[in-house]
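Residue numbers (this note's numbering): 2 to 713.
Working notes for the structure below.
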């Protein structure tokens, strides 16, 4: 009987095992049959595929190896960053041929100037950043901007979890960079977000082929000399305190920040003008509040409000009785170093008040109405502690920008349209009268108000999943900035007679993503036209090396650009882009009726043909679990271009900025789920002699080592 029970039990167990194996096999087959690949679009991809012509750069994926935002922005299609030297030097960013102050900078939709005039893309802590949006020519109303050439919006991380992100880097030319970014939530829901960044560099790189007096030859000869007066220090500290996801606010934060920049001046805008003691110091305090709420006041109305005030103070000291050369030697002089005028300790206080209101009303999922208002009020209080002949003045510049936009999504999202209007109002009060024969201040003294109207349209249509087309147009107005109208007290003369720029901007493009298995290829091609009246162009005086902004009556810009990005299994990434930008003087006659010799000339000091390429490959699980080693290489090429109008001078004596070929390499190793990383970045790998903005020489080969720790 026992044997029967045992036999029966064994049969049951065997049958059960067979059934389980069969069931598992069926489950496995079922899973295999039902397995699908879900492909979502990243935030940056969604932005690129909108109606506007826009580049979107994901910073998070390269943040462990990134040293400066300038370097990643400079490698995008249609955009070129031209620096005047090493770390902390002034730079010029161009978008589709429009550059300088025609491009506006924002952080989370708020003007970057609210952090202080010393805060730029070059010294902003990269640990803060999630992604960057670069709008070309046509700028959305919610930015509340009079940007003529485009806008750069830096979007910061907005995590809800607690974290601490710390990095430190050191590199060539005695360069150091440290950053801290953190968030801590209290039990009552209050969040504290401290951030800190420090940059320091001696910038003592070798200058090649600078003119040095040779006693034996009795003339100036090209020599190598090291920079000796170019120290740079910047500090940025910020604390945000507020709450999120409350019944009365989706976001409510108060921000206090402090920025300080100390910059020794080695040259002015001309490289053979050597400075040995003059410097510039800037400090700024800022306090601001921002509020964001969906269903604000009533359902379907969302509000994004902000108010800030910045106390900005710049001091430029030029009191040395010395005139230097590239040897570091000096002779006694009775003139200052920067422009050969009287000794000075120039103070400029520029208090800045910014108010922004952005309201969105959604009629349905397909229709949205946007109303925005922006106020920027800048003071310009100037005085001099040393130069008794300088007449103190307190100017004021205010602008109001009102925007109205209607956005619609049709055909299940395949078509997207936007229509918008903008009203620009600027009010200027001029009280300065010094150097009136240069600045025109006597003619423009007093108060005046001007008003301009702009508007445009944008559309995007998806032909098929791998092909879409987009087009946008805007009649845009740009009001001159305070530094253009009123100078900077050191190296830029005021020009109070500057007129607002006006431009008709047209973009036309196509884009798409092709996927096959583990392979993904994104492509984009764009063409653009810009017709600008009263184009604001910087010019340099040959004798003083001083810069002043002037109006060019008419400039036309046309161009093409293309970019392709390839990804295999999130391991191999390849990128290449090419940009052609043809900016020319379109004013046939001068004011006296004579034919202009610069008619149809290329706009000077502007690159017109350039390209970039990158390659990165990631190795995973090499030595530790979830570790990663990423190796990368990048290449940049810029065609030569003229420094001044090509009609001036003989062909053999015309100043031009030589062709640029730059090769860089990077290696980044991270482990413990990217909580720890170390990276090595080498720029100008072949140690080329490179000239950039105003034919000022950039550093040679440089190496930067960075350590980063991220705690969640």
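Here a beta-carbon is modelled for each residue, glycine too, at the ideal position from N, C-alpha and C.
Q) Closest by CA to residue 57, which one among 593, 163, 132, 267? A) 132
Q. Do residue 163 and residue 186 have their C-beta atoms within less than 7 Å of each other?
A. yes
Q: Take residue 615 as the anchor and find which of 386, 595, 636 has the nearest alpha-carbon.
A: 636
Q) Helix, strand or coil: how does DSSP classify residue 39 here? A) Bear in mind that the predicted position of residue 39 carries a pLDDT of just 46, short of 50, making it unreliable; the figure below should be weighed with that in mind. In the structure shown, residue 39 sits in coil (DSSP, three-state: anything other than H, G, I, E or B).
Q: Rank 240, 498, 109, 301 by C-alpha distance to the C-alpha of residue 431 and give the top, closest one.
A: 498
**Q.** Status (buried if at least 16 other CB within 10 Å, exposed otherwise) for residue 152
**A.** buried
(Q) Can you look up residue 89 in the DSSP assignment and give me helix, strand or coil? (A) coil
(Q) Quick check: residue 117 and residue 260, are their CB atoms within less than 7 Å of each other? (A) yes
(Q) So for residue 412, helix, strand or coil by DSSP? (A) helix
Q) Which term fits residue 247, buried or exposed, when burial requires 16 or more other beta carbons within 10 angstroms of its beta carbon? A) exposed
Q) Straight-line CA distance for residue 96 to residue 333? A) 44 Å
Q) For residue 365, which beta-bridge partners are listed by DSSP? A) 368
Q | Simplified DSSP assignment, three categories, for residue 600 | A | coil
Q. For residue 626, which option in 124, 109, 454, 671 has the closest C-alpha, if you only look at C-alpha atoms?
A. 671
Q. Mapping DSSP to helix, strand and coil, what is residue 219?
A. coil
Q) Bridge partners of residue 539, per DSSP? A) 550
**Q.** Where the alpha helix (DSSP H) through residue 71 begins and ends
**A.** 70-74
Q: Locate the alpha helix (DSSP H) running through residue 270, then write down its first and last residues.
A: Careful: residue 270 lies outside any alpha helix (DSSP H) and carries neither H nor E.
(Q) Between the alpha carbons of residue 85 and residue 91, how many angstroms are there, rounded? (A) 6 Å
Q: Return the chain-ordered list of same chain residues with a C-beta closer than 6 Å to the C-beta of residue 325, the five sequence neighbours on each side being excluded.
A: 275, 277, 331
Q: Report the rounded CA-to-CA distance for residue 662 versus residue 516, giving the unit in angstroms.
A: 33 Å
(Q) My assumption, with CB atoms under 8 Å, is that residue 309 sits in contact with residue 111. Please give the rounded CB distance. (A) 7 Å
**Q.** the region 62-82 touching the region 127-143, judged by at least three CB pairs closer than 8 Å
**A.** yes
(Q) Quick check on the DSSP output: the alpha helix (DSSP H) that includes residue 47 runs from which residue to which? (A) 44-49
Q: Please work out which residues of its chain come closer than 8 Å, Cβ to Cβ, to residue 10, disregarding the five sequence neighbours upstream and downstream, and give them in chain order.
A: Here residue 10 scores only 34 on pLDDT, less than 50, and its place in the model is too uncertain to base an answer on.
(Q) Please identify the residue among 204, 155, 190 whose C-alpha is closest to the C-alpha of residue 177. (A) 204
Q: Sort 690, 680, 710 by Cα distance to residue 704 and report the nearest one.
A: 680
**Q.** Own chain residues within Cβ distance below 7 Å of residue 479, not counting five before or after
**A.** 103, 147, 148, 149, 501, 502
Q: Could you check what DSSP says for residue 328 in three-state terms: helix, strand or coil?
A: coil
Q. For residue 226, which residues of its own chain have a beta-carbon under 7 Å away from its beta-carbon, when the five flanking residues on both sides are left out?
A. 208, 211, 213, 327, 328
Q: Use the C-beta contact count for residue 134: other C-beta atoms within 10 angstroms, 16 or more gives buried, fewer gives exposed.
A: buried
Q: Counting only runs of 3+ residues fully inside the region 480-530, write out the beta strand (DSSP E) ranges in chain order.
A: 502-517
Q | Own chain residues within Cβ distance below 6 Å of residue 708, not counting five before or after | A | 169, 679
Q: Pull up the distance between the alpha-carbon of residue 686 and that of residue 255, whole angstroms please.
A: 44 Å
(Q) Give me the residue from 590, 582, 525 with the minimum Cα distance to residue 566. (A) 525
Q. Under a Cβ-count criterion, where at least 16 other Cβ atoms within 10 Å of its own Cβ denotes burial, should residue 656 be classed as buried or exposed?
A. exposed
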